[in-house]
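Visitor: For the protein sequence lines, the chains are A and B, in the order given. Here the first sequence is numbered in my numbering, starting from 74 and rising by one per residue. Here the second sequence is numbered in my numbering, starting from 74 and rising by one per residue.
2 protein chains.
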Amino acid sequence: MELNPERQALLRRLGHPFTDLRLVEQALTHRSAGQINNERLEFLGDSLVNFFVAEALYARFPNATEGEMSRMRAALVKGETLADIARELKLGDSLILGPGEMKSGGFRRDSILADALEALVAAIYLDAGLEACRQRTLAWYGARLESVVPGDVNKDPKTRLQELLQGRRQPLPRYELVDTSGEAHNQSFTVSCELPAQQLSFRGVGSNRRSAEQAAAAAALSHLSTQR
Amino acid sequence: MELNPERQALLRRLGHPFTDLRLVEQALTHRSAGQINNERLEFLGDSLVNFFVAEALYARFPNATEGEMSRMRAALVKGETLADIARELKLGDSLILGPGEMKSGGFRRDSILADALEALVAAIYLDAGLEACRQRTLAWYGARLESVVPGDVNKDPKTRLQELLQGRRQPLPRYELVDTSGEAHNQSFTVSCELPAQQLSFRGVGSNRRSAEQAAAAAALSHLSTQR
């Protein structure tokens with residue numbers, strides 16, 4: 074079995090060299106496209122993502138309460154967040170959709186993207202075991218997981234970054250659009266977030282300018298939180 | 074650190090020889106009894122139980138839909154089921170509760186028992202890793218997991234057993250109370266379920282006669298499902 078170039082590129086971005094390529098195919102197949110689709114994998118992947126995020130929060134915040142961890146987890150595993158990660162990985166281009174979903178732009182829809190991402194998590198688990206799966210999943214989360222803070226989950230990264238810098242009496246960040254790519258229906262935006270006081274710049278990618286800015290702010294927050 | 078005889082007996086029933094006994098102590102401590110309690114462990118344990126049950130259902134029912142697996146999982150991880158397992162393990166006797174909860178019979182309450190069980194799952198994970206934890210958790214589930222069937226989760230084991238035997242035109246099971254133990258507030262009932270056609274008898278334990286009958290029926294169902 075051979076994957077098309079688009080899917081081969083996706084595998085490189087995912088960072089897992091699949092032994093069983095049928096798992097990739099299944100994970101990318103929406104129920105609108107066939108009997109063998111990603112719904113069962115999504116069921117398993119959902120429980121894996123929940124566990125990895127719970128474990129990461131448990132280890133990272135030894136003093137957080139159960140309620141604080143629950144709120145942080147809810148923000149990290151919700152469909153919107155998973156769909157953002159899927160967009161960063163440009164999953165939409167490789168989805169296998171039925172004709173109806175294709176026409177109506179299903180490759181852009183949060184729920185379809187999030188489900189496919191969870192299915193890919195399960196696919197990696199079945200292909201290579203828990204440790205490989207945990208590493209990949211947490212790597213995809215990246216700055217999102219590193220920048221989350223108890224009690225702050227309802228504030229977006231840009232707001233939190235601004236408050237953090239104001240608290241330090243440092244100049245505010247500067248955001249700049251550095252790249253757009255992809256076709257009209259499926260564009261990808263890259264934004265830089267510059268911190269003048271630190272003379273550092275961070276990048277974020279998203280399906281629109283706003284979410285790219287948030288991703289860049291999350292990367293900056295993550296860096297600053299390791300500096301304290 | 075030494076555990077009292079009651080807790081030592083609990084560890085034997087749990088089937089995991091803890092290296093770090095402080096984890097046991099913490100897992101058994103309700104928030105009413107102190108600052109260091111089982112709430113954080115319960116958060117982590119909940120995600121582990123969810124994952125183990127999802128994985129077991131995924132492997133056992135290759136043809137079940139995502140919806141069927143979700144319904145089966147919901148029935149298996151709900152507080153009532155976890156509390157029943159906790160009662161079979163006689164967890165109530167070893168709980169560490171604040172004076173208020175003690176007085177009002179907190180050791181009998183479903184939510185307190187379920188939370189402590191989930192906390193013990195996390196404690197085993199932290200003590201000995203994923204594989205030991207998965208084995209213990211699935212062993213505690215035992216017949217419950219083995220007797221679950223897609224589409225039938227809303228029927229209780231006694232009903233399903235009766236329907237199965239009627240479908241085979243075999244005589245109905247006979248239930249008999251064979252033992253009661255424990256103090257008045259915390260009794261444990263053992264019931265046998267005899268299958269006349271098979272000349273076999275199965276046992277179940279519960280906090281009341283009804284739940285012990287259901288557990289015995291689940292054990293019988295589990296046996297019959299492996300015979301088909």
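Cβ coordinates follow ideal geometry from the N, Cα and C atoms, glycine included.
#1: I'd like to know whether the C-beta of residue 281/A is nearer than 9 Å to at least one C-beta of chain B.
#2: Under 8 Å, with one C-beta from each stretch per pair, do the stretch 116-127 of chain A and the stretch 125-143 of chain B reach the 3-pair mark?
#3: Where are the alpha helix (DSSP H) runs, 4 residues long or more, that stay fully inside the stretch 85-120 of chain A, in chain order?
#4: For the stretch 116-128 of chain B, enumerate the residues whose C-beta is nearer than 7 Å to any C-beta of chain A, in chain order.
#5: What alpha helix (DSSP H) runs, 4 residues minimum, are completely inside the stretch 199-228 of chain A?
#6: Rounded to a whole number of angstroms, what is the C-alpha to C-alpha distance between residue 295/A and residue 224/B?
#7: With which residues is residue 69/A paired in a DSSP beta bridge?
#8: Tell me, which residues are paired with residue 267/A by DSSP?
#9: For residue 245/B, which residues in the same chain have their Cβ closer than 7 Å to its Cβ, ignoring the five residues on either side in sequence?
#10: Anything in the stretch 193-210 of chain B with a Cβ closer than 7 Å to a Cβ of chain A? List those residues in chain order, please.
#11: Would you list the residues sitting across from residue 169/B in a DSSP beta bridge?
#12: Of all the residues that make up the stretch 136-155 of chain B, which are near chain A by a beta-carbon distance shorter than 9 Å?
#13: Give the secondary structure of residue 138/B by DSSP, where H, G and I count as helix, E and B as strand, and everything else as coil.
#14: Roughly how many whole angstroms lie between the Cα atoms of residue 301/B and residue 292/B?
#15: Comparing the C-beta of residue 113/A with each C-beta of chain B, is any distance below 9 Å?
#16: Are residue 163/B and residue 265/B touching if we call contact CB-CB under 9 Å?
#17: If residue 196/B and residue 96/B are in contact, beta carbons under 8 Å, what's the gap, nearest whole angstrom?
#18: Tell me, please, whether the CB atom of residue 248/B is closer than 9 Å to any CB atom in chain A?
#19: Could you tell me if residue 242/A is buried or exposed, where buried requires 16 or more neighbouring beta carbons within 10 angstroms of its beta carbon?
#20: Taking the alpha carbon of residue 207/A as the point to measure from, which residue in 78/A, 166/A and 89/A has its own alpha carbon closest?
#21: Is the CB-CB distance between residue 212/B and residue 183/B below 9 Å?
#22: Does the beta-carbon distance from residue 79/B to residue 167/B come in below 9 Å?
#23: Going by beta carbon distance, what residues of the same chain come within less than 8 Å of residue 84/A, once the five residues before and after it are set aside?
#24: Can you find the residues in the same chain that come closer than 6 Å, C-beta to C-beta, to residue 274/B, ignoring five residues on each side of it along the sequence?
#25: Report the residue from 174/A, 193/A and 142/A whose alpha carbon sits nearest the alpha carbon of residue 100/A.
#26: Taking 6 Å as the limit between beta carbons, can you name the residues of its chain near residue 165/A, skipping five residues before and five after?
#27: Select from 280/A, 253/A and 297/A the residue whose C-alpha is nearest the C-alpha of residue 272/A.
#28: Taking its Cβ as the centre, do 16 or more other Cβ atoms sit within 10 Å of residue 250/A, making it buried, or is it exposed?
#29: Between residue 280/B and the rest of its own chain, which residues show a CB-CB distance below 6 Å, the 5 nearest in sequence each way excluded?
#30: Sorted by chain position, which residues of the same chain lie with C-beta nearer than 7 Å to residue 82/A's C-beta, five sequence neighbours on each side aside?
#31: With a cut-off of 9 Å, does the C-beta of residue 214/A fall near any C-beta of chain B?
Guide: Short version:
#1: On the first sequence, position 208 is the one that residue 281/A refers to. Closer than 9 Å: no.
#2: yes
#3: 94-100
#4: 116, 117, 120, 121, 123, 124, 127 and 128
#5: 203-214 and 216-220
#6: For the purposes of this step, residue 295/A is taken as residue 222 along the first sequence, with counting starting at 1. For the purposes of this step, residue 224/B is taken as residue 151 along the second sequence, with counting starting at 1. When rounded, the distance between both Cα atoms is 46 Å.
#7: Here chain A has residues from 74 to 301 only, and residue 69/A is not among them.
#8: Translated into the one-based positions of the first sequence, residue 267/A becomes position 194. The partner list for residue 267/A (beta bridge, DSSP) reads 247/A and 274/A.
#9: The sequence position of residue 245/B within the second sequence is 172, counting from 1. Answer for residue 245/B: 235 and 238, listed in chain order.
#10: 203
#11: Taking the first residue of the second sequence as 1, we reach residue 169/B at position 96. Residue 169/B pairs with 102/B.
#12: 137, 138, 139, 140, 142, 143 and 146
#13: The residue labelled residue 138/B in the question sits at position 65 within the second sequence. Reduced to three states, the DSSP call for residue 138/B is coil.
#14: If you number the second sequence from 1, residue 301/B lands on position 228. If you number the second sequence from 1, residue 292/B lands on position 219. The predicted model places residue 301/B with a pLDDT of 47, which falls under 50 and marks its position as unreliable, so this point remains unresolved.
#15: Walking along the first sequence from the start, residue 113/A turns up at place 40. Closer than 9 Å to some Cβ of chain B, the Cβ of residue 113/A qualifies, so yes.
#16: Looking up residue 163/B in the second sequence gives position 90. Looking up residue 265/B in the second sequence gives position 192. Not in contact: residue 163/B and residue 265/B (Cβ atoms no closer than 9 Å).
#17: Numbered from 1 along the second sequence, position 123 holds the residue referred to as residue 196/B. Numbered from 1 along the second sequence, position 23 holds the residue referred to as residue 96/B. Sure, about 4 Å apart at Cβ, within 8 Å.
#18: The residue labelled residue 248/B in the question sits at position 175 within the second sequence. Closer than 9 Å: no.
#19: Here residue 242/A is taken as the residue at index 169 of the first sequence, counted from 1. By the 10 Å Cβ count, residue 242/A comes out exposed.
#20: Position 134 of the first sequence, counting from 1, holds the residue named residue 207/A. The candidate whose alpha carbon is nearest that of residue 207/A is 89/A.
#21: For the purposes of this step, residue 212/B is taken as residue 139 along the second sequence, with counting starting at 1. For the purposes of this step, residue 183/B is taken as residue 110 along the second sequence, with counting starting at 1. Contact: no.
#22: Along the second sequence, one-based indexing puts residue 79/B at 6. Along the second sequence, one-based indexing puts residue 167/B at 94. Yes.
#23: On the first sequence, position 11 is the one that residue 84/A refers to. Cβ neighbours of residue 84/A beyond the five flanking positions: 76, 90, 91 and 97.
#24: Numbered from 1 along the second sequence, position 201 holds the residue referred to as residue 274/B. Result list for residue 274/B: 265 and 267, in chain order.
#25: Here residue 100/A is taken as the residue at index 27 of the first sequence, counted from 1. The option with the nearest alpha carbon to residue 100/A is 193/A.
#26: Numbered from 1 along the first sequence, position 92 holds the residue referred to as residue 165/A. Closer than 6 Å at the Cβ level, and outside the excluded window around residue 165/A, lie 180 and 259.
#27: Your numbering for residue 272/A matches position 199 in the first sequence. Nearest option by C-alpha distance: 297/A.
#28: Taking the first residue of the first sequence as 1, we reach residue 250/A at position 177. Classification of residue 250/A: exposed, given that the 10 Å Cβ count is below 16.
#29: The count along the second sequence starts at 1 and reaches residue 280/B at position 207. For residue 280/B, where only same-chain residues beyond five positions count, the Cβ hits under 6 Å are 160.
#30: To locate residue 82/A, count along the first sequence from 1; it is residue 9. So no residue of the chain qualifies.
#31: Translated into the one-based positions of the first sequence, residue 214/A becomes position 141. Chain B, which has no Cβ nearer than 9 Å to the Cβ of residue 214/A, makes this no.
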